[in-house]
Every structure is written in structure tokens, then in C-alpha cells.
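The structure appears below as C-alpha cells.
Printed below as a string of C-alpha cells:
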């Protein structure tokens, strides 16, 4: 008894210590484990760039000063997004595997936006350092790296940092036009009342963070986002295009003769982020001369409520990829509100250079326009969608004949993985742009996909015949491997690069020649987490009491045998909403995927002696016309009960030692399960929301406002039921979380409620972190907190003291 008391005192004393902590080495090593590199292929399909990815950032990087304006986070010293990610190295490998180049003269700094030139002779990239963003090239022939221009790039508004000219002789980009030292300063004159008034028109705006709040914010936003659009050749010569403005994006026409330029305009809004500010879109010549104005969109403050509602006016403006210079865009015919009853919710318009004629209706879309994937002048695919039934549809149509009948290709719930036909295989056309690859007079196409099925994902390469509606399988992954196509290495789609793995073999890239049926290893990356070799993995399928099919993946520690008895268990999940019971139960991964042990999810706790049940299905289904959230609590508890039952029946789980954990909406789930069930010994909730009245105009998949659905908001909010939470709950949250549904206040208020009610809770606010955590120190501390919480309250519950 004395030993237990001393252990309890020591455990709680250590747990209360301040400062960043480090978990046991096996868990800590996960934070520093090598990350899988990214790959990209040159236009001529001869060279593959292998891009080395860095480890976690330091807390010092995240602590750097930033301006939080209009939903953006800007490093004002370099006129660029703060907290950006990049690469640490580049190597080039020929597709035949014989030649490999390690680029050794890379400048010091963060490498990003890596792209081959259209002629495949150069590799361009952006370098970020304390001086700003600069544009560089690597010459594949001379094997030399060169800075293109001394001037720095302005990327404060995000988006594309540069674009290659079609002749590979240079770039288009936005240059910085001010010095950081000239940044406007707040003064007494800039301190004044902030006044907003309603217009009498509904503006059901979601809850956003980091919005503009004062006239000073407006001045600072404009200062940081103004730039000069320019053309730069490879020797560094600069040609200014147009006037200095807040250039949001720029895109070259397929024939290289025009630029589509969008610019943010005043008046700015205090209600919505920069993505909804007024925006003007124009066509310029490549010398910067205005050709025509395409659109002048007002602020998006008054977009009707609904996930498929849009701004009125010309939107989604882009170039057709298959012809020289034709613009297409969508215009809502329903006032932007999908609930309005009309025959067609969107018209698609086309406007061809030199833009002297009136734009013509190109297609009429019955639901909300989603996308057009271009092939050629006789073949393209158009899609629409609708949120109310989660439906997406796609048709083949003839772009040269607006009156030709469209041919339905797919119609399914976008949650329905089993009936997803895959993505179209593309090829480069005469303009060097990616378009759908067709054959046999546009009657056949190739598709790649993950191949979701009841047996798990079985990736494929298929050919589809529009005449016969038949699918011919060209290749598919075979057990015991999980292999998927990542790059096409020739125009015939007979030679592909795949990413191949098995439960015990780490992912590596391979070259597969389908015509010769050969497989050649292309990379040889090491095992990222050798300390976790030997973990067992098993896909479990089971049913909820209402008949909904469920599944999850069970992981057991290396060397575990049932004779050792049942284990403490950690269940990790994330609820999702569905309108279809059958779709809700679909399997979403493969039994042959490599056992990835990441610091982010539940897997590190295998080293702590826990069984882990990851990806446990928690579907919330709208039965018989009801909205899913009307029975959220009942369905959530039923899913959790089914998961616990199957694990206990299997004999691997001690039903008295089960924890539930999740991130974001998964944290919301944790709090609800602790409040409305007694299935779990403790919970871990990261970056969650607990009071839905703080997101009154909808959240996740809930379209109703608080005033339309008060019963659902109250029933679903664990804050309203905090007195029922009698199990220990660990809450972690980034102090700078900008996510519209999970402001840090959500965790602070929930903790205050639990503390006031005498609950057992711990709140950890991680400095400088956002919705996901990125600093090495934060990640290590997160693992330490989770380890301690599970050890004290679940693994060794005799050490747990729950104050009442």
C-alpha cells in the first residue's frame, strides 16, 4: 500500500512539472524518423526528381513573428506565408536507373515549388531564407545551379509562386515592391472605433479566425500583399507587366499569348477571410497590356448558407487546356443558393480570344458545377455535385458541339469508395499541358485508382470503353503487396512508376514494365522505424446493433501472444457523416499496407504495451430521410460499443482498460463518448470543439444554423453535458489554432467546466502551434503527455486518483 501511495505521489508530481518533456526513446525516435521523399517526373519522362523532406520544425521556427491578417499568416520580413514547408535536398535519377545526379551546390535555405521546365532541360525552385524568396534554376546539362534574379518574390497571398514560360526561356512571377522596414506602424492616429452595421440581408458567415479588425490591419494587409507581376528570362532580365496591385494569381494561356490575372480589391471585409474579398479578373497580353475584364466579384460576405452555395457572378475562371486561348467559367442561376428550385443551377460559359464576341453558354449543369477535365476538342468530362444527398455525377461531352447530348459516366455518393472509377490517365498535348489520354477515336480511356472493395484497397490501372461500357483491367496490385501507380513513364501507359509496400516492407518506388511484365526497384529507402519491426496487423469487420457494417485495424505489439493475457487498448477514431447505410460501412484501407508507426496517431503506444485499434468506424447515418446529426449520440455510442465488443471477444482487450482518443472532430467524439457512455477508462482529446453554439452557422457536415437546429446543437455539445464526464480526459490544443471550428477557447472553456464540476481533466496548450502540431518540442511533449496519461489512468489504473 505504501509503495502504491509513493508511486502515485511521484507520478502526479512528475506529471505536474512545467516545461517541454521527452517521452521514452522508442517514442521519441518517431519524431526524428526519416520521412518518405516526394517524386516528380520531367515533361519528357526521362528524369525523376527525388525531393528529400525535412524532419519536424523547431519551436524557434514557429515562434518567429508573423502577421495574422484576413485568415492568412504572413512573415512580414520576407512577404511570404509563415510556417511554410519545403525540401532539404534534390537528387535526379534517370528512369532507366543507370544515371543519378545529386545536386550538391544547392544554396542554404528552404527549397520549395520544384518544377521541371517544359523542355526538361532545367529544374526550377524557390529558395526561402531570411532575405526572402528567390527563384533558382538547375541546368541538367551543365549541372550548375544559378539564381535567376536578385529581386525577391512576393507570395503573401499564397497561390502559385511562379510559372514557366512555354518556351522554357523564363518565368512569370510576382516581385516584392516594398521593404519590410517600411511596414506601417500603429499610431495614435490609427486607433479609432471599429464600426460595422447590418444591411438587412442575411449573411450566415461561418466562424473564421485571424480576420481584419481595424483600419491599421487593412493598411498592413495591403502593404504586405501588393506586388509587381513580371516576366523574367533565364538571364535575369525583368519586364514589368501591368501596375503594382494585390495580384492573387496568374495563369498563362495554352498558346502562351495571354495571361489570366486575378487581383484582390477593396473594400476589405472584417467578416470573411481574404479568399472571399472582392476580386477582379482580367486578360492581359504577355507584355502586360489589358485585353479585357472577365469578372469583378463583390465580397463573399453574403453567400447563402450551405456547403454547395457560391458567390454570384463569374467564378472558377480558367483556360481550356486543349485549345489555344479559350476561357471557361461558371455562373450560378440560383442566386448562389442550391436550395432554390431551378432547372439548372449553373451555366458554363466559354469565351475565345481575341475576346471581341459575346461569351456563349457552353454547358448547362443541373446541380452545382464541380469541374471540367479536358481531353481534346471532341472529348472532355464535366462533373456536378450536391451536398444534400452527397451525390457527384460526371458526363462525357463534346466541347466542339454545345448541343450534343452528354453521356453519363458515373453517378454515386462521393463517400462511395467502392464505385469510384478512378482518375483519368493524362498525357501532354501540343501545348505541353496535361489532358485526358484517349485512344480509338476518343472511345477509350485509362483510369487509375485505389480500388476500394470489401477486401480492402486493390489499386488498379483500367481501360474503359465508352461504346461497350466495359472495363478491361490492365494491371492491379496483388497480395501480399499494396502497390499503386504514381507516375506514367511513357505515352502508351505501358511503363509506370509504382509505390510498393507490404506489411513488413517499407514503401519504395519501382518501375513496372507492363508490356514485358518486369519489375525493377527504383529506390531503396531504409525502414523508417526499425524499433517497431514485428508488429502484427489485422483488419476486423463487425456490425453495429442497427446492422451498419463497421471495420477497423487492430495492431498488437511485437512478440505479443494471447497466452500473455488481454492488453490495455487504445481506440483511435474520427466520426463521419453519411446519407447511405451501405456506404457508411465501406472498408477504406488495405490489409497489405506497410505498418506505418507515426508520431501523430495512436501507433506509438504499441511500445507502451497497448493494443491499438486504429481507424475504428464511427459513421453517423441519416436514416429514412432524417439528418445524420439528429441521432448523433446514439449512433456514436453504438459504434463504440460494437468496437469494444469485438476487441473483447477476440481476447486481446481488457475491457476494464480501454482508452478512446482522437484529433479535431475525433476529440469532439472523445468528449461525447466519455459523457454518454461508460465504455472507457480515460480519453485523449486533441484540438477539439466541445460547444457547438460557438460555431452557430454550421460545423463539419451540419448545415443547419443554431437557430434552426437548437436540439441537435445542444444534444451534440459535450460542454452541455460536462457533469456526466466522470472519466479522466486529457486535452491538448495549439494556442494559435486558426481552424474555424476549433478555436483554442473551445478547450479552455471545456477545461474550466470540468474543473468547476470536480472532474478529472488536464489541459495542455502548446505554444505557437496551430490545428496540427509541427514543432519537434511540441510533438515530443505530446507523446510524453499521452504516455503518462495512458500509463496512470489506463495501463495501471490503481495509480489513478479521480477527484470528486
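Residue numbers (this note's numbering): 12 to 815. For each residue, glycine too, the CB sits at the ideal point set by N, CA and C.
Which whole-angstrom value is the C-beta distance of residue i and residue j, which I expect to be below 8 Å?
{"i": "residue 612", "j": "residue 583", "result": "6 Å"}
{"i": "residue 446", "j": "residue 472", "result": "About 18 Å separates the two Cβ atoms, so there is no contact after all."}
{"i": "residue 134", "j": "residue 172", "result": "Contact doesn't hold; Cβ gap of about 15 Å is too wide."}
{"i": "residue 733", "j": "residue 761", "result": "7 Å"}
{"i": "residue 743", "j": "residue 698", "result": "7 Å"}
{"i": "residue 184", "j": "residue 122", "result": "Contact doesn't hold; Cβ gap of about 16 Å is too wide."}
{"i": "residue 359", "j": "residue 380", "result": "6 Å"}
{"i": "residue 653", "j": "residue 585", "result": "Between residue 585 and residue 653 the Cβ distance is about 16 Å, and since that is not below 8 Å, they are no contact."}
{"i": "residue 548", "j": "residue 514", "result": "6 Å"}
{"i": "residue 120", "j": "residue 139", "result": "6 Å"}
Strictly by DSSP, which residues pair up with residue i?
{"i": "residue 744", "result": "776"}
{"i": "residue 257", "result": "275"}
{"i": "residue 613", "result": "The partner list for residue 613 (beta bridge, DSSP) is empty, contrary to what the question assumes."}
{"i": "residue 85", "result": "78 and 92"}
{"i": "residue 98", "result": "122"}
{"i": "residue 349", "result": "Paired residue(s): none; residue 349 is not in a bridge."}
{"i": "residue 33", "result": "Per DSSP, none; premise fails for residue 33."}
{"i": "residue 242", "result": "183 and 250"}
{"i": "residue 522", "result": "508 and 531"}
Report yes if the C-beta distance between residue i and residue j is below 8 Å; otherwise report no.
{"i": "residue 577", "j": "residue 665", "result": "yes"}
{"i": "residue 672", "j": "residue 659", "result": "no"}
{"i": "residue 771", "j": "residue 739", "result": "yes"}
{"i": "residue 500", "j": "residue 106", "result": "yes"}
{"i": "residue 2", "j": "residue 788", "result": "Not covered by the structure: residue 2. The range shown for the chain is 12 to 815."}
{"i": "residue 318", "j": "residue 714", "result": "yes"}
{"i": "residue 147", "j": "residue 157", "result": "yes"}
{"i": "residue 603", "j": "residue 429", "result": "no"}
{"i": "residue 366", "j": "residue 294", "result": "yes"}
{"i": "residue 194", "j": "residue 87", "result": "yes"}
{"i": "residue 798", "j": "residue 38", "result": "yes"}
{"i": "residue 125", "j": "residue 101", "result": "yes"}
{"i": "residue 387", "j": "residue 594", "result": "no"}
{"i": "residue 628", "j": "residue 561", "result": "yes"}
{"i": "residue 434", "j": "residue 419", "result": "no"}
{"i": "residue 287", "j": "residue 324", "result": "no"}
{"i": "residue 745", "j": "residue 782", "result": "yes"}
{"i": "residue 74", "j": "residue 779", "result": "yes"}
{"i": "residue 239", "j": "residue 188", "result": "yes"}
{"i": "residue 605", "j": "residue 494", "result": "no"}
{"i": "residue 684", "j": "residue 648", "result": "yes"}
{"i": "residue 290", "j": "residue 302", "result": "no"}
Would you give the residue range spanned by the alpha helix (DSSP H) that residue i belongs to?
{"i": "residue 800", "result": "787 to 801"}
{"i": "residue 725", "result": "721 to 727"}
{"i": "residue 360", "result": "Not the alpha helix (DSSP H): residue 360 falls in the beta strand (DSSP E), residues 357 to 363."}
{"i": "residue 767", "result": "755 to 767"}
{"i": "residue 499", "result": "Run containing residue 499: none in the alpha helix (DSSP H); it sits in the beta strand (DSSP E), 493 to 499."}
{"i": "residue 644", "result": "643 to 660"}
{"i": "residue 229", "result": "226 to 236"}
{"i": "residue 40", "result": "36 to 42"}
List the endpoints of the continuous beta strand (DSSP E) containing residue i.
{"i": "residue 165", "result": "Segment: none, residue 165 is in no beta strand (DSSP E) and carries neither H nor E."}
{"i": "residue 177", "result": "Looking at the DSSP string, residue 177 is not in any beta strand (DSSP E), and its letter there is neither H nor E."}
{"i": "residue 69", "result": "From DSSP, residue 69 is part of no beta strand (DSSP E); its letter is neither H nor E."}
{"i": "residue 593", "result": "Not the beta strand (DSSP E): residue 593 falls in the alpha helix (DSSP H), residues 592 to 595."}
{"i": "residue 630", "result": "630 to 632"}
{"i": "residue 667", "result": "664 to 674"}
{"i": "residue 579", "result": "578 to 584"}
{"i": "residue 80", "result": "78 to 80"}
{"i": "residue 562", "result": "560 to 567"}
{"i": "residue 250", "result": "249 to 251"}
{"i": "residue 373", "result": "371 to 376"}
{"i": "residue 327", "result": "325 to 330"}
{"i": "residue 395", "result": "390 to 397"}
{"i": "residue 624", "result": "622 to 627"}
{"i": "residue 153", "result": "Looking at the DSSP string, residue 153 is not in any beta strand (DSSP E), and its letter there is neither H nor E."}
Determine whether the Cβ of residue i lies closer than 8 Å to any Cβ atom of chain D.
{"i": "residue 402", "result": "Of the protein chains in the structure, only one exists, and it is not chain D."}
Which runs of the beta strand (DSSP E) spanning at least 3 residues fall entirely within the region 111 to 138, listed in chain order? 111 to 113 and 121 to 127
Which runs of the beta strand (DSSP E) at least 3 residues long sit entirely within the region 411 to 483? Give them in chain order. 418 to 424, 437 to 439, 445 to 447, 455 to 460 and 471 to 476
What runs of the beta strand (DSSP E), each 3 residues or longer, lie entirely inside the region 676 to 738? 693 to 697
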